[in-house]
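Visitor: These protein sequences, in sequence, are chains A and B. Per our numbering, residue 758 is the first one in the first sequence, and the count goes up by one each step. Per our numbering, residue 758 is the first one in the second sequence, and the count goes up by one each step. Every residue gets a Cβ at the ideal spot worked out from N, C-alpha and C, and that includes glycine.
Protein chains: 2
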Amino acid sequence: MNPENIDIVLVHTTHSGNIGGVARAMKNMGLKRLTLVAPLAYPAPEATWRAASAGDILECARVVSTLDEAIADCQFVVGTSARERRIPWPIQDARRCADRVVHLSNTERVAILFGREDRGLLNDELQRCNLHCHIPTHEGYASLNLAMAVQIVAYELRMAQLQDTTALAEDAEWDTPFSSGADMSRFYGHLEQTLVDIGFLNPDAPRQLMPRLRRLFNRVRLDEMELNILRGVLTETQKSARSGQDH
Amino acid sequence: MNPENIDIVLVHTTHSGNIGGVARAMKNMGLKRLTLVAPLAYPAPEATWRAASAGDILECARVVSTLDEAIADCQFVVGTSARERRIPWPIQDARRCADRVVHLSNTERVAILFGREDRGLLNDELQRCNLHCHIPTHEGYASLNLAMAVQIVAYELRMAQLQDTTALAEDAEWDTPFSSGADMSRFYGHLEQTLVDIGFLNPDAPRQLMPRLRRLFNRVRLDEMELNILRGVLTETQKSARSGQDH
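1) Can you name, in chain order, every residue of its own chain whose Cβ lies under 7 Å from the Cβ of residue 859 of chain A, other than the five neighbours on each side?
2) What residues of chain A sit near residue 895 of chain B, judged by a beta carbon separation below 8 Å?
3) According to DSSP, is residue 875 of chain A part of a helix, a strand, or is it coil?
4) What does DSSP give as the partner residues of residue 765 of chain A in its beta bridges?
5) Output yes if chain A places a C-beta closer than 7 Å to the C-beta of residue 941 of chain B; else output no.
6) First and last residue of the beta strand (DSSP E) that includes residue 889 of chain A?
7) Classify residue 760 of chain B as helix, strand or coil using the three-state DSSP reduction.
8) From the DSSP output, in three-state form, read off residue 956 of chain B for me.
9) Assign residue 910 of chain B to one of two classes, buried (16 or more other C-beta atoms within 10 Å of its C-beta) or exposed (fewer than that).
10) Just the Cα atoms here: how many angstroms apart are residue 786 of chain B and residue 876 of chain B?
11) Here's the rule: buried if 16 or more other CB atoms are within 10 angstroms of the residue's CB, otherwise exposed. What is residue 806 of chain B?
12) According to DSSP, simplified to helix, strand and coil, what is residue 1005 of chain A?
13) Can you check DSSP and say which residues form a bridge with residue 836 of chain B?
14) With respect to the alpha helix (DSSP H) encompassing residue 976 of chain B, which residues constitute its N-terminal and C-terminal limits?
15) Could you list which residues in chain B have their beta carbon closer than 7 Å to that of residue 919 of chain A, in chain order?
16) Please compile the residues from chain B whose C-beta is within a distance smaller than 9 Å of the C-beta of residue 902 of chain A.
17) Return no unless some Cβ of chain A is closer than 7 Å to the Cβ of residue 898 of chain B.
18) Which residue's Cα is closest to the Cα of residue 844 of chain A: A/833, A/971 and A/822?
19) Within a Cβ cutoff of 6 Å, which residues of the same chain sit near residue 855 of chain A, ignoring the five residues on either side of it in sequence?
20) Go ahead and label residue 832 of chain A buried or exposed: buried means 16 or more other beta carbons lie within 10 angstroms of its beta carbon, across all protein chains shown.
21) Using only alpha-carbon positions, find the residue among B/829, B/893 and B/870 that is nearest to residue 852 of chain B.
22) Nearest-angstrom Cα distance between residue 778 of chain A and residue 945 of chain B?
23) Using CA coordinates, which residue listed in B/812, B/979, B/878 and B/879 is at the minimum distance from residue 938 of chain B?
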């Protein structure tokens, strides 16, 4: 595990105290990098107080205004989710997720997203993820406190790191780097526009088309070469669509 | 796992908010029974607030004044501990502990002890335990928040429960019930007095004699028949020590 390559990303956090609790939970388990996407109130004294001796994590925390900015340089994005989704997404429990992340972090940038206290991650945020991570809470009271959820995931990362002696090397042996979040974001924009251009996607009635395509490509993880090929295909498709309209 | 047989015991908790955080962490993972040993301030609004929808756990919580009272009816006692001990004690990480506790709870009463926010469990409290439980935090910042520690242990219990299909039956198949905490407490008092009576233990310079004996008997777990035998031996020993003094 390389903690420099693992980013805990808190999306639209409402209670500043939770940000401090998250910082402490991270440091207790050897994590370092915290990114805050549009927190409601930060910096805040409650955060500093609850961070206890993890003030250094808060000081180094990145504050950004959009999720896209937060994951721009990440090749693997995990979203924590308690809820059933409209479209089933690849999902693993925190233990298996941690095995994967510990391994990937040796060579790639990984982001783990945690959503709002009241509603978690929204569908369009979850659709930016390669993998969803599930903490199997009890059905009688499934709603974990935000800092508690981070604590459990961070603990599983630590446990996986301590046991990470015989990890598979399949991902690390890949011959081409995997695409970053920024590349993928541009790709999806390009894909969506192309689908509109060719009349396949109606912007006024998009249904679940883009979510399903996101799920497909996020599941397979595109490497940079594959992405370049697809972008080339899209560009060519747009050209022919336009020239078709010209006639 | 039988949650009715698992007691989370908080010893001398200082911050009432943590008690609420513990209640929520428990309910999130399907635990029910909370015992508070001489909390500094309880009931308290911070506890209620942080418990969120786990107010029922607080309402049913037992408040007692001594640890002995808390574990009187328990046959297996686990103490959470971050520190190295003067005398090494049987110790397992939270994952293996949870396997054991989930299994034992089907037939016996189990207590899991969590100490003070600043100092954890004291040596004499840890010496009441059959097993110490260790959460492998990072060396850079090993001090977990109390509610976070409970969250991790409760999470491991939940994970163990979900996987508890092929558990060993060695403990459950025992032919005689194991001794309770109250029985063991009386036994240790009897043992100590007997050692004084026979001049083996100097109360003014006890050194580590009793801790080492506690470790021995707690490790082996005495069943009720074995305990009766030992108590009989002690009684006889005391009688002969006294009659020796008479002559």
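Guide: Taking the geometry as given:
1) Once the five neighbours on either side are set aside, the close Cβ partners of residue 859 of chain A are 758, 914, 917, 918 and 921.
2) Counting only Cβ-Cβ distances below 8 Å, residue 895 of chain B has contacts in chain A at 784, 785, 786, 787 and 915, in chain order.
3) Three-state DSSP puts residue 875 of chain A in coil, outside helix and strand.
4) According to DSSP, which records beta bridges pairwise, residue 765 of chain A is partnered with A/791 and A/869.
5) At a cut-off of 7 Å between C-beta atoms, residue 941 of chain B does not count as an interface residue with respect to chain A.
6) Following the DSSP letters along the chain, one finds residue 889 of chain A inside the beta strand (DSSP E) bounded by residues 888 to 891.
7) Here residue 760 of chain B sits in helix by DSSP.
8) In this structure, DSSP gives residue 956 of chain B a state outside helix and strand, which the three-state scheme calls coil.
9) Classification for residue 910 of chain B: buried.
10) Each residue's Cα considered, the two are about 26 Å apart.
11) By the 10 Å Cβ count, residue 806 of chain B comes out exposed.
12) This structure leaves residue 1005 of chain A out entirely; chain A is present only between 758 and 1004.
13) Residue pairing from DSSP places residue 836 of chain B in a beta bridge opposite B/870 and B/889.
14) Residue 976 of chain B -> alpha helix (DSSP H) spans 966 to 977.
15) Taking a Cβ-Cβ cut-off of 7 Å, the neighbours of residue 919 of chain A in chain B comprise 893, given in sequence order.
16) Here the neighbours are 778, 781, 782, 785, 807, 809, 904 and 908.
17) For residue 898 of chain B, the answer is yes, since a Cβ of chain A falls inside 7 Å of its Cβ.
18) Nearest C-alpha to residue 844 of chain A: A/971.
19) Here residue 855 of chain A has 913, 914 and 917 as same chain residues with Cβ atoms under 6 Å from its own Cβ, once five neighbours each way along the sequence are excluded.
20) With a threshold of 16 other beta carbon atoms within 10 Å, residue 832 of chain A meets it and is buried.
21) Ranking the options by Cα distance to residue 852 of chain B, first place goes to B/893.
22) Cα to Cα, the separation comes out at about 41 Å.
23) Among B/812, B/979, B/878 and B/879, the Cα nearest to that of residue 938 of chain B is on B/979.
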